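> In the numbering used here, the protein residues as written are 10 to 456.
Using N, Cα and C, we set each Cβ at its ideal position, and we do this for glycine too.
Computed from a predicted structure; not experimentally measured.
(1) Can you list, in chain order, the residues of its chain whose CB lies under 6 Å from that of residue 132, leaving out five sequence neighbours each side?
(2) Let me know the alpha helix (DSSP H) ranges lying completely inside the stretch 266–351, each 4 residues or longer, listed in chain order.
(3) Do residue 232 and residue 272 have their CB atoms nearer than 8 Å?
(4) I'd like the list of long-range same chain contacts for residue 244, defined as Cβ closer than 7 Å, with 5 residues on each side in sequence excluded.
(5) Would you list the one or two residues that DSSP bridges to residue 197?
(6) CA-CA distance, residue 98 and residue 33?
(7) Which of the three DSSP states, helix, strand or coil, is assigned to residue 414?
(8) Using a threshold of 8 Å, state whether the C-beta atoms of residue 191 and residue 225 are closer than that.
(9) Is it true that the CB of residue 377 sits closer than 8 Å to the CB of residue 423?
(10) Quick check: what's the CA-CA separation for residue 10 versus residue 164?
(11) Just the C-alpha distance for residue 155 and residue 432, rounded to the nearest angstrom, thanks.
(12) Would you kindly work out how many angstroms separate the C-alpha atoms of residue 410 and residue 307, rounded to a whole number?
(13) Check this for me: beta carbons of residue 87 and residue 59, under 8 Å apart or not?
(14) Quick check on DSSP: helix, strand or coil for residue 456?
(15) Grab me the residues of residue 441's own chain with a C-beta within less than 6 Å of its C-beta, minus the 5 sequence neighbours each way, in chain order.
(16) Would a C-beta distance cut-off of 8 Å place residue 456 and residue 195 closer than the cut-off?
(17) Look at the alpha carbon of residue 334 and the alpha carbon of residue 206, and state the distance between them as a whole number of angstroms.
(18) Give the secondary structure of residue 363 by DSSP, where H, G and I count as helix, E and B as strand, and everything else as coil.
(19) Rounded to the nearest angstrom, what separates residue 348 and residue 227 at their Cα positions?
(20) Are the stretch 162–176 and the stretch 133–144 touching, with three or more C-beta to C-beta distances below 8 Å?
(21) Distance, Cα to Cα, residue 454 vs residue 286?
(22) When you compare the CB positions of residue 428 and residue 268, do they come within less than 8 Å of one another, or not?
(23) Determine the DSSP secondary structure at residue 162, reduced to helix, strand or coil.
(24) Could you give the residue range of the beta strand (DSSP E) that holds residue 229?
(25) Which residue's Cα is closest to the Cα of residue 9: 193, 415, 141, 371?
(26) If you draw a straight line from the C-alpha of residue 173 to the C-alpha of residue 140, how long is it?
(27) Whole angstroms is fine: what's the gap from residue 202's alpha carbon to residue 214's?
(28) If I follow the unbroken alpha helix (DSSP H) through residue 34, where does it start and stop?
(29) From this set, 252, 318, 368, 42, which residue's C-alpha is nearest residue 337's C-alpha?
(30) I'd like to know if the stretch 298–314 and the stretch 380–399 are in contact, where contact means that at least 3 CB-CB pairs between them fall below 8 Å.
(31) Identify, in the order they occur along the chain, each residue of the same chain with its Cβ nearer than 7 Å to the Cβ of residue 63, setting aside the five sequence neighbours on each side.
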């Protein structure tokens with residue numbers, strides 16, 4: 010990232026300060042009207058230049074450059090406000106001016122300063138993924154409340170600044186290791202989604218992860234199975250997609266990374282639909298190999314009529330969204346402990362395929378939004394530690410390496426966090442870098 014020099018920042022601050030105090034300056038400065046007009050025009054041009062010109066270059070990332078500009082404007086307006094307090098005190102005590110001039114000067118400063126703050130907030134709103142919508146809504150309705158508005162703006166600035174620092178570090182890291190192509194595996198990567206989602210182009214199930222992998226050399230494809238179906242139906246669709254990838258790329262095999270139920274679908278595809286010979290490795294992410302305890306509870310407690318009503322609504326909606334014949338209940342019922350245990354017994358490891366299982370855990374119900382906090386409670390009562398949907402013990406394969414993601418200090422890592430569902434930067438866990446390292450290890454192992 011190419012940062013603004015100290016001289017540039019000082020010039021911007023001086024320009025803002027002078028422009029905001031032109032009324033008082035012209036009252037004190039006994040010069041010809043022509044000179045005052047010229048100075049006023051020059052200050053106006055410079056003021057607009059510093060408002061709209063992006064002077065950052067961040068590894069080709071225009072979005073980050075705009076975010077950096079927004080943070081700069083908020084920081085500059087804060088220093089400008091403090092400087093204006095000193096200026097107002099000096100004018101009030103040391104310079105004899107009509108009170109009307111002082112009021113006009115203060116009014117001009119207030120308008121220009123708030124315009125600068127608005128510009129900074131607008132850039133952050135348009136280009137930040139970490140400042141969530143509720144904070145923008147709160148600012149929109151409460152900007153006029155003293156002290157509270159300062160708190161809200163401060164939170165937005167700090168959040169955007171942390172995001173900027175992280176993204177700049179990642180961009181620079183990717184530039185430095187671009188030639189290494191640490192994620193350029195021997196075989197292409199097939200990312201397989203879990204239940205209740207599809208591989209949409211406008212909303213990627215895997216969040217920011219695929220872009221990060223591609224930047225580091227990976228070749229990415231998607232499972233494209235329906236959002237909710239029985240394991241067998243989804244497996245058949247996956248087997249066809251794997252063969253399609255093989256035909257398109259000319260590769261001998263693929264490396265499969267499957268999340269949640271997608272891991273079960275892949276195991277079935279390999280054993281029952283002949284996909285095993287095309288799979289070099291299978292990495293399951295938070296997959297319920299031994300079932301979800303809370304699914305049993307829900308199926309027992311929710312009235313059958315209500316379940317059928319929900320299923321009908323879901324199936325109708327996802328048919329419109331692209332599924333051919335979604336089956337909500339078929340997908341859910343196969344995630345019970347009994348059905349998953351039976352499936353696990355009937356689908357042993359296949360020779361020639363490298364397996365590994367990955368899991369995370371939440372630290373509390375406050376670690377994730379609904380429905381994961383509810384799933385956390387229901388699972389914890391019966392099966393102990395979990396990610397909000399899948400118990401930790403259920404994600405293990407007794408015949409494969411088991412990896413727990415790095416522990417975080419407070420919140421833990423939820424089922425959704427493992428696919429970057431909320432596009433959230435989690436302290437102590439960089440999900441994009443974690444996947445880059447995961448794929449790098451596949452490359453190092455010859456896959």
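Considering the structure as presented:
(1) The sequence position of residue 132 within the chain shown is 123, counting from 1. Here the set comprises 75, 78, 79.
(2) Within the stretch 266–351, the complete alpha helix (DSSP H) runs of at least 4 residues are 270–281, 302–310, 313–329, 337–342.
(3) In the chain shown, the residue the question calls residue 232 occupies position 223. In the chain shown, the residue the question calls residue 272 occupies position 263. In this structure, residue 272 does not lie closer than 8 Å to residue 232 by Cβ.
(4) In the chain shown, residue 244 corresponds to position 235, counting from 1. 274, 277, 278, 281, 282, listed in sequence order.
(5) As a position in the chain shown, residue 197 is number 188, starting the count at 1. Partner(s): none; residue 197 has no beta bridge.
(6) Within the chain shown, the letter at position 89 stands for residue 98. Within the chain shown, the letter at position 24 stands for residue 33. Using only the alpha carbons, I get a separation of about 13 Å.
(7) On the chain shown, position 405 is the one that residue 414 refers to. It is coil, neither helix nor strand.
(8) Within the chain shown, the letter at position 182 stands for residue 191. Within the chain shown, the letter at position 216 stands for residue 225. A contact, by the Cβ cut-off of 8 Å.
(9) Taking the first residue of the chain shown as position 1, residue 423 is located at position 414. Taking the first residue of the chain shown as position 1, residue 377 is located at position 368. For residue 423 and residue 377, yes; Cβs fall inside 8 Å.
(10) Working through the chain shown from its first residue, we reach residue 10 at position 1. Working through the chain shown from its first residue, we reach residue 164 at position 155. Only weak support is given to the placement of residue 10: the predicted model assigns it a pLDDT of 48, under 50, and the question is left unresolved by the model.
(11) Position 146 of the chain shown, counted from the start, is the residue given in the question as residue 155. Position 423 of the chain shown, counted from the start, is the residue given in the question as residue 432. Going by the C-alpha atoms only, they are around 32 Å apart.
(12) Taking the first residue of the chain shown as 1, we reach residue 410 at position 401. Taking the first residue of the chain shown as 1, we reach residue 307 at position 298. One C-alpha to the other measures close to 31 Å.
(13) Residue numbering aside, residue 87 sits at position 78 when the chain shown is read from its first letter. Residue numbering aside, residue 59 sits at position 50 when the chain shown is read from its first letter. Taking 8 Å as the cut-off, the Cβ atoms of residue 87 and residue 59 do not count as close.
(14) Sequence index remark: in the chain shown, residue 456 carries index 447 (1-based). Coil at residue 456, not helix or strand.
(15) Position 432 of the chain shown, counting from 1, holds the residue named residue 441. Contacts found: 217, 218, 221.
(16) Position 447 of the chain shown, counted from the first residue, corresponds to residue 456. Position 186 of the chain shown, counted from the first residue, corresponds to residue 195. Yes, they are a contact pair.
(17) If you number the chain shown from 1, residue 334 lands on position 325. If you number the chain shown from 1, residue 206 lands on position 197. Taking the straight line joining both Cα atoms gives about 14 Å.
(18) Walking along the chain shown from the start, residue 363 turns up at place 354. In this structure, residue 363 counts as strand in the three-state DSSP scheme.
(19) Translated into positions along the chain shown, residue 348 becomes position 339. Translated into positions along the chain shown, residue 227 becomes position 218. Rounded to the nearest angstrom, the two C-alpha atoms are 35 Å apart.
(20) Counting Cβ pairs under 8 Å, three or more are found: they touch.
(21) The residue you call residue 454 lines up with position 445 of the chain shown. The residue you call residue 286 lines up with position 277 of the chain shown. Taking the straight line joining both Cα atoms gives about 18 Å.
(22) For the purposes of this step, residue 428 is taken as residue 419 along the chain shown, with counting starting at 1. For the purposes of this step, residue 268 is taken as residue 259 along the chain shown, with counting starting at 1. Going by C-beta atoms, residue 428 is nearer than 8 Å to residue 268.
(23) On the chain shown, residue 162 is found 153 positions in, with the first residue counted as 1. Under the three-state reduction of DSSP, residue 162 is assigned to helix.
(24) Within the chain shown, residue 229 is the residue found at index 220, counting from 1. Run containing residue 229: 229–231, per the beta strand (DSSP E) assignment.
(25) The structure shown does not extend to residue 9, since the chain spans only 10 to 456, so no value can be given for it.
(26) What you label residue 173 is simply residue 164 of the chain shown in a count that begins at 1. What you label residue 140 is simply residue 131 of the chain shown in a count that begins at 1. Using only the alpha carbons, I get a separation of about 11 Å.
(27) Within the chain shown, numbered from 1, the residue matching residue 202 stands at position 193. Within the chain shown, numbered from 1, the residue matching residue 214 stands at position 205. Cα-Cα distance, rounded: 7 Å.
(28) As a first step, residue 34 is located in the chain shown; it is residue number 25 there, counting from the start. Here the alpha helix (DSSP H) through residue 34 covers 31–37.
(29) Position 328 of the chain shown holds residue 337. The option with the nearest alpha carbon to residue 337 is 318.
(30) yes
(31) The residue you call residue 63 lines up with position 54 of the chain shown. Counting only Cβ-Cβ distances below 7 Å, and skipping sequence neighbours, we find 74, 75, 78.
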